[in-house]
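Everything on this sheet refers to the single structure shown next.
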Amino acid sequence: NEALSSFEAEQFLQQKSAGKKNQHNKQDIDKIAAAIIVQNWLEQNT
Numbered sequence: 093n094e095a096l097s098s099f100e101a102e103q104f105l106q107q108k109s110a111g112k113k114n115q116h117n118k119q120d121i122d123k124i125a126a127a128i129i130v131q132n133w134l135e136q137n138t
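Under this note's numbering, the first residue of the sequence shown carries the number 93, and numbering increases by one thereafter.
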């Protein structure tokens with residue numbers, strides 16, 4: 093689910109930069125969301 097993985101990616105970036113003033117752009121979120129989707133697929137299909 094792309095919406096869920098995007099949400100997870102945003103959460104990951106927020107945790108990673110806790111206490112810092114970083115704005116994450118859509119490209120960063122999309123990269124991490126894609127990695128989450130692939131990881132979830134691998135976990136379910138191997």
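By construction, the Cβ of each residue, glycine as well, lies at the ideal position given by its N, Cα and C atoms.
Self-check item: Inter-residue Cα distance where the pair is residue 119 and residue 129
Solution: Here the question's residue 119 lines up with position 27 in the sequence shown. Here the question's residue 129 lines up with position 37 in the sequence shown. Roughly 15 Å separates the two Cα atoms.
Practice problem: Would you kindly check if the distance between the Cβ of residue 121 and the Cβ of residue 95 is under 8 Å? | Solution: Taking the first residue of the sequence shown as position 1, residue 95 is located at position 3. Taking the first residue of the sequence shown as position 1, residue 121 is located at position 29. No. Outside cutoff.
Quiz item: Would you say residue 98 and residue 125 are within 8 Å of each other, going by their C-beta atoms?
Solution: Here residue 98 corresponds to residue number 6 of the sequence shown, with the count starting at 1. Here residue 125 corresponds to residue number 33 of the sequence shown, with the count starting at 1. Result yes, Cβ atoms of residue 98 and residue 125 sit closer than 8 Å.
Quiz prompt | Rounded separation between residue 103 and residue 109 - CA only | solution = Against the sequence shown, residue 103 aligns to sequence position 11. Against the sequence shown, residue 109 aligns to sequence position 17. Each residue's Cα considered, the two are about 10 Å apart.
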